[in-house]
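Beneath this line is the structure, given in structure tokens, with notes to follow.
Numbering (the working numbering), first residue to last: 1 to 373.
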């Protein structure tokens, strides 16, 4: 009797463990194919400055690739100057231009060309609450100043309105340093760029939309392209091939796209476009995203430009599906991957607005079609 009971208990335990194993989620298991060295994950906190955080991370990775020099550059340095240029633009267009926190990858390069770059230590960009970025109040005050200016209360603009605007930026973000310390040497921001041999002309932005001619330079119609910069337009398959070629050759790139889609989950560390219901328990069959489908979602404003991140590697899941290792700017404690996530190729085909990459990362045949030397 005791023996039978013992066997019965063992059988029940075995059955319970078997059923539990069946019900336990498989989860995503990623194997990195390429994993390029980059700087640590930062946190943009309560600001709309992902464009600066992602592109600054990209530049830091480029300095590592080019010179093996590791720096923590100031994101708010670029934000500060972009705010100044946006203000001048907004006033010249008499309020008919985009003004806000958002931007594009080229905004950082445009500021570097004029003002160089500095370290985070030289310009933390936070005079109101060190360590905690919060730009909502700043953004509203700046916008309020501009709204008054464009009404021309004195019939014409004074010569000092811009100084008043800059004074607000000084108060919130800090006064711009004339020099930055690099390896115990004080140098100007522009000399810092020269010292690192960082050439902004080596970087290009690419996109893929069928309402423009292929292999042409276009002004991308997204609100955050407030400076009306140009992008190279390429077919979707070639767009993806540029990304793959870059990562396989040791180049990272800035990714601009839509993360509002339900298949994006930073918390679950994945971004997918499944054929069926969106679930993050295990890999699913994903949609075959065509150029026509991508264009449709852009034209009906389902796919919009709302976030920039830094793509740093290639990976595959346990079923062999390709993913892109992505460095976000929401802090290293924002998920269990230290602030990274993996985005599937289908997700990129559908939701990528544009990328910025070193021109040497582009396959030769595509460079020739674009006329890039």
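Every residue gets a Cβ at the ideal spot worked out from N, C-alpha and C, and that includes glycine.
Between which two residues does the alpha helix (DSSP H) holding residue i run?
i, result
"residue 61", "50-67"
"residue 86", "75-92"
"residue 243", "236-248"
"residue 361", "That residue, residue 361, is in no alpha helix (DSSP H); it is neither H nor E in DSSP."
What are the boundary residues of the beta strand (DSSP E) that includes residue i?
i, result
"residue 186", "185-187"
"residue 207", "203-207"
"residue 341", "340-344"
"residue 198", "Per DSSP, residue 198 belongs to no beta strand (DSSP E) and is neither H nor E."
"residue 217", "217-219"
"residue 272", "That residue, residue 272, is in no beta strand (DSSP E); it is neither H nor E in DSSP."
"residue 288", "No beta strand (DSSP E) contains residue 288, which DSSP labels as neither H nor E."
"residue 71", "No beta strand (DSSP E) contains residue 71, which DSSP labels as neither H nor E."
"residue 27", "Taken as a continuous stretch (DSSP letters only), residue 27 belongs to no beta strand (DSSP E), as it is neither H nor E."
"residue 254", "253-257"
"residue 232", "230-233"
Would you kindly check if the distance between the Cβ of residue j and the Cβ of residue i is under 7 Å?
i, j, result
"residue 272", "residue 344", "yes"
"residue 123", "residue 77", "yes"
"residue 310", "residue 117", "no"
"residue 72", "residue 120", "yes"
"residue 312", "residue 112", "no"
"residue 200", "residue 168", "no"
"residue 357", "residue 253", "yes"
"residue 29", "residue 202", "no"
"residue 351", "residue 303", "yes"
"residue 49", "residue 84", "no"
"residue 87", "residue 146", "yes"
"residue 179", "residue 190", "no"
"residue 374", "residue 327", "Nothing about residue 374 can be read from this structure; the chain reaches only from 1 to 373."
"residue 215", "residue 373", "no"
"residue 256", "residue 353", "yes"
"residue 98", "residue 196", "no"
"residue 210", "residue 295", "yes"
"residue 108", "residue 55", "yes"
"residue 282", "residue 361", "no"
"residue 182", "residue 198", "no"
Which partner residues does residue i have in the DSSP bridge list?
i, result
"residue 43", "330"
"residue 181", "186"
"residue 355", "206 and 255"
"residue 35", "313"
"residue 265", "270"
Mind reading off the beta-carbon distance from residue i to residue j? Whole number of angstroms is fine, and I expect it under 8 Å.
i, j, result
"residue 236", "residue 33", "Actually they are not in contact, since the Cβ atoms of residue 236 and residue 33 sit about 21 Å apart, beyond 8 Å."
"residue 105", "residue 161", "In fact, because the Cβ distance is near 30 Å, the residues do not count as touching under 8 Å."
"residue 289", "residue 346", "5 Å"
"residue 355", "residue 205", "7 Å"
"residue 331", "residue 41", "7 Å"
"residue 38", "residue 91", "Going by Cβ atoms, the distance from residue 38 to residue 91 rounds to 38 Å, so no, they are not a contact pair."
Determine, using beta carbons only, whether residue i comes closer than 7 Å to chain B.
i, result
"residue 324", "Within the model displayed, chain B is absent; a lone protein chain is all it includes."
Query raised in the report: For the stretch 144-177, which segments carrying the alpha helix (DSSP H) assignment without a break, of at least 4 residues, lie completely within its bounds, in sequence order?
Result: 161-173
Query raised in the report: In the stretch 96-150, which residue ranges form an unbroken alpha helix (DSSP H) of at least 4 residues, counting only runs that do not cross its ends?
Result: 105-115 and 136-149
Query raised in the report: Whole alpha helix (DSSP H) runs in the stretch 290-348 with 4 or more residues, listed along the chain?
Result: 291-299
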